[in-house]
Each structure stands twice: as C-alpha cells, then as structure tokens.
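Numbering (my numbering), first residue to last: 43 to 482.
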Amino acid sequence: MSLTYWCEQAWLPDGVAHGVLIEVEGTRIARIARGEPGSAERLPGLTIPGLANAHSHAFHRALRGATQRGKGDFWTWRDQMYEVAGKLDPDTYFQLARAVYAEMALAGVTCVGEFHYLHHAPDGRPYEDRNVMSHALIQAAREAGLRITLLDTCYLSGGIGVPLSGTQLRFSDGSAHGWAARADELAAAYEGQHDVEIGAAVHSVRAVPPDQMPVVAEFSHRHAAPLHAHVSEQRAENAACAETYAATPVQILHERGVLGPRSTAVHATHLTDSDVELLGQSGTYICMCPTTERDLADGVGPARAAADRGTQITLGSDGHAVIDLFEEARAVELDERLTSERRGHWSAADLLTAATGTGHTSLGFADAGRLIPGAWADLVSVRLDSVRTAGAGGLEAVVFAATASDVHSVVSGGRRVVAQGRHELGDVGHMLSEAIGKVR
C-alpha cells in the first residue's frame, strides 16, 4: 500500500526544508521530493523522524505523582517502586504497558527500549510460559504502534554481596546461565520479526556479580543484539563498588567485556575521567534520562565531556516522571548550563539527533530515525502555532520550546497511530487511570 504525505516543513539530513512530499510504501519511506501537496495528506508544522525512547521501565509510570510526596532519595523511591512491582501479573502489566506506550506514541515516540526484569511470579516461581511477561510487553507495544527492543535484564543479587529478598525474587533466574537459557528462548520466539529486537541488560554492578557478566555479554555477541546496563547512577553504588572490587562500575563492566559499540551505559551520572575515556574508546553509548535523574536527585552526568571523547548520547524517559523526549533533549543542554555556568554546549540538531537516529541505532534499529528513502516510515509532526511554539522557528522551536502536547500526528512504521493529537486506541488518559488503579 502506498501513501503520500505533504509536510509543510520537514527535517531532512541536510536541514529543514519546506514543501516536502514523502511517499510511503508499507513500513518504509519510498521517495522524498519537493513539490506541491496535490492530493497528498497534509502534515502542518515541522515533521521530524520518529523519536526513540532508549530507556523505559513501563511499570514505573504507576508511580507518577505518588513518589513526589515528602522527602527522600533514590533508595526511598525504590521501596515504593518495589510495591508496584510486586502487584503486576501478565494481564495487568499488558494493560499498563499498552497505555504507557500509547502515551509515548502521543509524544512522538516510535521505538522503545524496555529495560525489563519483572520476569517471574511475585514469589519468584516461573510462570508456565517463563517469558509471558515479555510477551505482554511486546504485544502492548505492537497495539500502541511502537517497535520495541526488549532488553531482557539479568538480575541476581539485592546489592553487592546481598542476597535477593522480597519483590526482588521475581527478577531473578538464579544465575546468568539460567537467565541466558530463558533469554535464548525469547530471542528464538521473535526471530525474523522486524518490529521486535531482543536485547540484553546487566541490571547494574549491584545486581549482577562480575563473574556472571560475561555470560550476558556473550548473549549480546551471539545474537548481535544491544546490551545495556545501569551505570554509576548513585554515589553510594560507586562507593560500594570501590570498597568491594577496588574499581568503578565502568571498570568492572570493561574488564568483563560488557562495553562496546552495541552497549549503552544508562545514566552514567558519577563518572571519573578514566571512566569517560573507557566509554569513549569502547564506542559505548550513554543514555541520559534527565527528568528521572533530577526527580530522584541523582545528579547531572558529564554528557558533553563524554561526547567530546567519542561517546554518542541517547535519551530515555526511564521512570516516566514525564514522557516527553523534547524535555529530555533540552535538559541535556540546560542541565549542562547549570553545572558549567555557560550556554551553548549542544545545538538543537545535536539534541534531536540523540532523540532520533542515535537512539534508534543504539536499540538495534539503525535503519530508523532519519527521513531518507529506505528508512522506517516514522513521521512525527509538531505544531509550530501552539502557545509554546508560535513565533519561534526551526528546530530550536521544537527542541527548546515544544512539549509532547504539540505532537499532532504520528506515522509509525507506515501506520497512522496518532491523528489530530488523538491515539487510534482512544482515550489514553482513561486507559492509564484504569490500568494504574489496579496496581496502586
């Protein structure tokens, strides 16, 4: 099936162009040309490639508004997160994830990297189909109109040298080899299905002993799949790692073969200079999640310094304090201004590239995130006449002024998922309220 869209403005590889015709055949862009709209579907405003949310925990969306009460830090927040994690089953997780992914689609996201560790029943026993929770997430993404990289996460301990307890029991397969056996089954189930990538994750140095990490890295190499890890999110994590291993988390991951061009260090907030060099030299991505990092009072990571040493930056909404990749993008620049007391570290094009092409590539979809023939047909159109964007122009209006609410149309893999600001599934707010009400 062939469809043609006429973009009032479009962000192409050589910059913003006016009056752009994009012909879509099936899931791909077939042709791009300049011209009059004719009978093509009109897309007002600025059309950009689909956004990649490179780090998500879908169930954290149920915590929005609840964990903002009172005081505390990451560790008090984690206790509240475990309460929600302990209540989910395959049916309720599907319902919640579908609503969360629909919220992402409304915000212009066409691909999500789901960092997934709710593998088993609340008491730790595997379900009859031990990948049923993964299947629920994948089906939820498909119904919401997103591609998904399911980052199947190895999680074996409750902290460095601390056994699992409580809700953590449902996260674990007992050993890295046990994890790999289950993850291999999942990868086989989706082999050849182009909208799904099965990747791997080392949860953190807190949750995976170093001697278990090479098994996870080997899975990534064997399947040519993305490999992600939480890295140096809190100072306490670094201190415990130094006390036990006389090394930083980045050094541990490097020594165990976890870093590399398919790998992403999520957060990477508290890095040493040698950590920054190791990440850059290995070609490892860094996924910044600024709205979550500030929500949890984690700190501001050295994104500019890392980029200057060869690391590519991606973006994620992580705990979903908000789901807005424009906010994540501009926060990378604005947070850098706060720590450096200088402006102009990143251009709007740099930040939008992090949210589009670089993010998709880090998730295993290198053929997405750009408006070029042959790429996935992901077209996200942003209003330039809203109260936020009116009077501003170009990419700067989108990156530094627009919000997710300014997205009015989303074509994801050739499928029109959002039209006139409304998702094809219906009232996403109602869907979220209903799903969250079952797990709070």
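C-beta: ideal position from N, C-alpha, C; glycine also.
Query                                                                                                                                                                      : Result
Counting C-beta neighbours from all protein chains within 10 Å, is the total for Gln254 16 or more, i.e. buried, or is it exposed?                                         : buried
Between the Cα of Gly361 and those of Pro332, Ser389, Leu228, spot the shortest distance and give me the residue it belongs to.                                            : Pro332
Just verifying my parser: in three-state terms, what is the DSSP assignment at Ser451?                                                                                     : strand
How would you label Gln323, buried or exposed, when you count the other beta carbons within 10 angstroms and need 16 or more for buried?                                   : exposed
Suppose you measure from the CA of Ala178 to the CA of Ser359; what does that come to, to the nearest Å?                                                                   : 20 Å
According to DSSP, is Cys331 helix, strand or coil?                                                                                                                        : coil
Please state the DSSP three-state secondary structure of Glu383.                                                                                                           : coil
Over the uninterrupted alpha helix (DSSP H) stretch that includes Asp226, give me the two end residues.                                                                    : 218 to 231
Checking 8 Å against the spacing of the C-beta atoms, do Ala222 and His265 come in under that value?                                                                       : no
So the alpha helix (DSSP H) Gly401 belongs to, where does it begin and stop?                                                                                               : 399 to 404
Any idea what DSSP makes of Asp194, helix, strand or coil?                                                                                                                 : strand
From Pro79 to His60, what does the alpha carbon distance come to, in whole angstroms?                                                                                      : 11 Å
Would you tell me roughly how many angstroms separate the C-alpha atoms of Phe213 and Tyr159, rounded to the nearest one?                                                  : 5 Å
I need the straight-line Cα distance from Ser262 to Leu269, nearest angstrom please.                                                                                       : 6 Å
What do you get for Asp56, buried or exposed, if any count of 16 or more other CB atoms within 10 angstroms of its CB means buried?                                        : exposed
Should Thr381 go down as buried or exposed, given a rule of 16 or more other Cβ atoms within 10 Å for buried?                                                              : exposed
Using CA coordinates, which residue listed in Cys153, Asn280, Thr445, Gln293 is at the minimum distance from Val318?                                                       : Gln293
Restricting to Cα atoms, I'd like to know which of Glu383, Ser428, Val441 is closest to Ser389.                                                                            : Val441
Excluding the 5 residues preceding and the 5 following Asp420 in the sequence, name in chain order all residues of the same chain whose CB lies nearer than 7 Å to its CB. : Pro91, Gly92, Thr152, Ala410, Val453, Ser454, Gly455
Taking C-beta to C-beta, are Leu88 and Val66 nearer than 8 Å?                                                                                                              : no
If you count every other CB in all the chains shown that lies within 10 Å of the CB of Ile365, and 16 or more means buried, which is it?                                   : buried
Rounded to whole angstroms, what is the Cα-Cα separation between Leu376 and Asp171?                                                                                        : 45 Å
How about Leu405 and Gly150: do their beta carbons lie closer than 8 Å?                                                                                                    : no
Taking the CB atoms as reference points, tell me whether Ala347 and Leu148 lie closer together than 8 Å.                                                                   : no
Out of Thr334, Ile355, Ala141, Leu338, which has the shortest C-alpha to C-alpha gap to Pro344?                                                                            : Ile355
Can you tell me whether DSSP reads Ile294 as helix, strand or coil?                                                                                                        : helix
In the structure shown, what three-state DSSP assignment does His270 receive?                                                                                              : strand
Rounded to the nearest angstrom, how far is the Cβ of Met330 from that of Leu357, given a contact under 8 Å?                                                               : 6 Å
On the criterion of 16 or more Cβ atoms from any shown chain inside 10 Å, does Thr395 qualify as buried, or is it exposed?                                                 : buried
Would you call the stretch 245 to 260 and the stretch 268 to 288 touching, i.e. three or more CB-CB distances under 8 Å?                                                   : yes
Spell out a yes or no on whether the stretch 275 to 286 and the stretch 188 to 202 are touching, meaning 3 or more CB-CB pairs, one atom from each, closer than 8 Å.       : yes
What is the residue span of the beta strand (DSSP E) that Leu63 lies within?                                                                                               : 57 to 67
For Asp360, which residues does DSSP report across the bridge?                                                                                                             : Ser98
Can you look up Tyr47 in the DSSP assignment and give me helix, strand or coil?                                                                                            : strand
Quick one, are the C-beta atoms of Ala249 and Tyr197 less than 8 Å apart?                                                                                                  : yes
To which residues of the same chain is Leu467 closer than 6 Å at the C-beta, ignoring the five residues directly before and after it?                                      : Ala144
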